[in-house]
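Trainee:
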Amino acid sequence: SNTSVFRMITLLRTVRLVRLVRTFRRVPIFREAWLLLRGLSDSARTLFWTVVVIFLVTYSFAVLGLNTLVVELIDQLDTYKELGSQEDVARLTGFFFVL
């Protein structure tokens, strides 16, 4: 019984939204806004794939940069351990936790 009530409420909300959009589309004042929304919805697929490509490129360079940085930090840590400077080792070890 509760499910049918929720479905009816959802259906009524959807009908109300469709009526609002239809009214919004017909009013001349909102013509530019309607064109902007329509252009955004038409280009949603392109925008999605653009975000995916930007994410993959950023992630790839982050992994490469982190690998490069960690190798240099490990070399520095080994050097500091050989020199016996506990303060520098503690500072550098703390920097690993930031990464």
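Take the sequence shown: its letters are residues 2 to 100, numbered as in the numbering used here.
Just so you know, even glycine gets a beta-carbon here, dropped at the ideal spot from N, CA and C.
In this text the structure is predicted, and so the values were computed from the model without any measurement.
To the nearest whole angstrom, what separates the beta carbons of Trp35 and Arg23, a pair I think is in contact under 8 Å?
Mentor: Trp35 to Arg23, Cβ: 11 Å. No contact.
Trainee: Taking the alpha helix (DSSP H) that Phe25 falls in, what are its first and last residues?
Mentor: 3-27
Trainee: Pull up the distance between the alpha-carbon of Val28 and that of Leu13, whole angstroms please.
Mentor: 23 Å
Trainee: Which of the three DSSP states is assigned to Ser42 in this structure?
Mentor: helix
Trainee: Just the Cα atoms here: how many angstroms apart are Arg8 and Val71?
Mentor: 55 Å
Trainee: Would you kindly work out how many angstroms separate the C-alpha atoms of Gly1 and Leu74, rounded to a whole number?
Mentor: Residue numbering for the chain in the displayed model covers 2 to 100; residue 1 lies beyond these limits and cannot be assessed.
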